Amino acid sequence: KTEESKKQTEAIDSDDIKFAYCTEFMINTNYSDIEAFRNELSELGDSLLAVSGEGIIKVHIHTNNPGIALEKALKLGSLNDIKIDNMRYQHEEILLKDELKGLKEENIEANNKIKDIEINKEYSLISVSIGEGINEIFNDLNVDAIVSGGQTMNPSTEDLLKAIDTTHGKNVIILPNNSNIILAAEQAKELSNRKISVIPTKNIAQGISALLAFNEEATLEENIEIMTNAINTIKSAQVTYAVRDTEYNNNKIIKDDIIGLSDKEILSSGKDINQVSTNLIEQLVDDDTSIITIFFGNNVDEVIANELATTLEGKYENIDIEVIFGGQPLYYYIFSIE
385 KTEESKKQTE
395 AIDSDDIKFA
405 YCTEFMINTN
415 YSDIEAFRNE
425 LSELGDSLLA
435 VSGEGIIKVH
445 IHTNNPGIAL
455 EKALKLGSLN
465 DIKIDNMRYQ
475 HEEILLKDEL
485 KGLKEENIEA
495 NNKIKDIEIN
505 KEYSLISVSI
515 GEGINEIFND
525 LNVDAIVSGG
535 QTMNPSTEDL
545 LKAIDTTHGK
555 NVIILPNNSN
565 IILAAEQAKE
575 LSNRKISVIP
585 TKNIAQGISA
595 LLAFNEEATL
605 EENIEIMTNA
615 INTIKSAQVT
625 YAVRDTEYNN
635 NKIIKDDIIG
645 LSDKEILSSG
655 KDINQVSTNL
665 IEQLVDDDTS
675 IITIFFGNNV
685 DEVIANELAT
695 TLEGKYENID
705 IEVIFGGQPL
715 YYYIFSIE
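Take a look at the structure:
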């Protein structure tokens with residue numbers, strides 16, 4: 385961690401954390417109205433993520449009332465894999481972890497102690513990330529090593545190998561989270577002597593979906609299947625700016641125009657970020673869409689992001705809209721559409 389980012393972490397007061405408990409659980413249920421359940425839970429906190437499939441609903445939320453969240457969940461079915469962490473205490477643990485990482489790099493003895501603690505893990509998860517808020521989500525989803533994608537979201541094979549070396553799970557799962565990084569991840573797999581699996585996530589939204597599907601108790605083969613299936617159940621999109629003059633569908637785009645992308649295809653363009661986003665989303669929602677998650681970047685004010693959410697809520701009354709700080713550069717918004 386850089387000295388600057390370390391100072392930023394230390395500057396965070398635990399009293400500034402609005403919702404204290406990071407709460408995760410799985411519900412064994414055939415309940416199908418996931419949108420209604422999300423609406424119930426959304427009143428209890430923020431950073432809400434909930435996905436359903438094959439008789440389970442997996443939930444992640446930051447709340448001050450984890451007991452109430454669990455009571456609501458129990459109405460739908462039995463619970464397992466319950467995990468509640470006090471994030472105010474975790475803030476202190478992060479600082480301690482940073483110190484341990486420093487020792488790990490500088491001191492072989494400290495490295496061996498850390499290795500002894502982690503050596504019996506079945507899984508280690510590695511995720512490529514971009515942005516402070518996205519990093520926090522991955523940490524909440526128990527990622528062991530986060531590889532910074534940088535401005536270009538393009539870490540090297542060497543960066544991935546270094547991340548592998550910091551983990552000690554018997555099975556290492558890598559989430560590239562960018563189509564351009566999948567090859568580097570596969571190369572790292574070939575060069576490492578560890579047991580590596582690469583889930584071909586092409587963007588951040590797919591990475592989060594795959595992690596929500598991950599099950600610590602499942603076999604490696606089962607996890608590969610359910611995580612791969614999970615990334616195929618969502619649509620993702622991004623809003624950024626044009627780096628040069630271009631053209632799509634007979635529409636001229638001028639350098640620095642705002643553009644909306646999905647699967648690397650330009651679907652909308654214009655001068656206004658939220659208008660371009662609205663036009664983009666319109667082309668991606670369908671009758672099965674139940675939730676749209678907006679991850680807003682470090683160059684978008686939260687007020688503007690909430691204005692977009694209000695517009696979408698008015699346009700799609702039966703779709704739940706979530707707004708989460710992603711902090712990513714380059715992309716004004718990253719959308720997950722489920």
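Take the sequence shown: its position 291, counting from 1, is numbered 675 in my numbering, and each next residue is one higher. Beta carbons are placed, not taken as given, at the ideal position from N, Cα and C, and that holds for glycine. As the structure is a computational prediction, the values presented were derived from the model and not from experiment.
Taken through DSSP and simplified to helix, strand or coil, Lys573 comes out as helix.
By the Cβ rule, the region 540-555 does not count as touching the region 609-617, because fewer than three pairs are nearer than 8 Å.
The beta carbon of Ser674 sits closer than 7 Å to those of Ile418, Glu419, Ile703, Asp704 and Glu722, all from its chain and outside the five residues before and after it, given in chain order. Of all alpha-carbon atoms in Glu570, Thr677 and Tyr700, the one lying nearest the alpha-carbon of Leu559 is that of Glu570. For the pair Asn690 and Gly711, the CB atoms are not nearer than the 8 Å cut-off. Where Met611 is concerned, the enclosing alpha helix (DSSP H) starts and stops at Leu604 to Ile615. The C-alpha of Tyr715 is placed about 11 Å away from the C-alpha of Ala626. Counting only residues of its own chain and dropping the five nearest sequence neighbours on each side, Val435 has a CB closer than 6 Å to the CB of Lys442 and Leu596. Following the DSSP letters along the chain, one finds Asn519 inside the alpha helix (DSSP H) bounded by residues Glu516 to Asp524. A direct Cα-Cα distance of roughly 25 Å separates Arg578 from Ile588. With 16 or more other Cβ atoms inside 10 Å of its own Cβ, Glu520 counts as buried. Given a length threshold of 4 residues, each whole run of the alpha helix (DSSP H) inside the region 657-686 is given here in chain order: 657-666. Distance check between Ala621 and each of Glu609, Asn423 and Gln590 places Gln590 closest, using alpha-carbon atoms only.
Judged by DSSP secondary structure, Phe409 falls within the beta strand (DSSP E) whose first and last residues are Tyr405 to Asn412. Measuring C-alpha to C-alpha distances from Leu509 to each of Asn470, Ser532, Thr551 and Asn538 identifies Thr551 as the nearest.
Per DSSP, Ala594 is one residue of the alpha helix (DSSP H) stretching across Ile588 to Ala597.
By the criterion of a C-beta distance shorter than 7 Å, Met611 is surrounded in its chain by Ile583, Ala594, Ala597 and Phe598, once the five residues flanking it on both sides are discounted.
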